[in-house]
Amino acid sequence: MFVIELTYKVPLTQIDAMMKEHVAFLDRHYAAGTFLLSGRKLPRDGGIIIAIGSDRARVEAIMAEDPFVSSGGADVRVIEFRASQRAKDLPARLAP
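In my numbering, the protein residues as written are 52 to 147.
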């Protein structure tokens with residue numbers, strides 16, 4: 052499992068101009084089952100994505116395709132972790 056942090060490097064006007072393409076990128080990876088959650092950081096200086104997968108290199112390659120990242124508008128940090136606990140109402144695929 053991965054926590055992906057995006058940090059904007061350009062003004063929000065430039066981020067907003069790329070938002071449609073970014074949302075299409077997110078939608079593709081939600082449909083593929085890779086992304087579980089995503090949203091803006093508060094304050095709005097980037098975003099967070101929760102992703103599943105067994106291959107860090109693959110997740111990093113996916114994130115390199117994010118329009119925010121590929122345009123140089125954001126830095127990306129991929130943090131891999133092994134979930135060891137979960138709330139009872141979350142699906143078991145999120146943690147043992």
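Every residue, glycine too, gets a C-beta built ideally from N, C-alpha and C.
Looking at L145 and R133, is the spacing between their C-beta atoms short of 8 Å?
Counting from 1 along the sequence shown, the entry for residue 133 is found at position 82. Counting from 1 along the sequence shown, the entry for residue 145 is found at position 94. No, the pair does not count as a contact, with Cβ atoms beyond the cut-off.
How many angstroms separate the CA atom of E116 from the CA atom of V127?
Along the sequence shown, one-based indexing puts residue 116 at 65. Along the sequence shown, one-based indexing puts residue 127 at 76. Spanning the alpha carbons of E116 and V127 requires a straight line of approximately 11 Å.
Sort T85, P62, G123 and I66 by Cα distance to R107 and report the nearest one.
Position 56 of the sequence shown, counting from 1, holds the residue named residue 107. Nearest C-alpha to R107: T85.
For a test of the three-state rule: what should DSSP assign to F132, helix, strand or coil?
Sequence index remark: in the sequence shown, residue 132 carries index 81 (1-based). For F132, the secondary structure class from DSSP, reduced to helix, strand or coil, is coil.
Quick one: give me the first and last residue of the beta strand (DSSP E) that T58 is part of.
The residue labelled residue 58 in the question sits at position 7 within the sequence shown. Per DSSP, T58 belongs to the beta strand (DSSP E) from F53 to Y59.
Extent of the continuous alpha helix (DSSP H) to which I113 belongs
Residue numbering aside, residue 113 sits at position 62 when the sequence shown is read from its first letter. Start and end: R107 to A115.
Is S122 helix, strand or coil when you go by DSSP?
Here residue 122 corresponds to residue number 71 of the sequence shown, with the count starting at 1. If DSSP states are grouped into helix, strand and coil, S122 belongs with coil.
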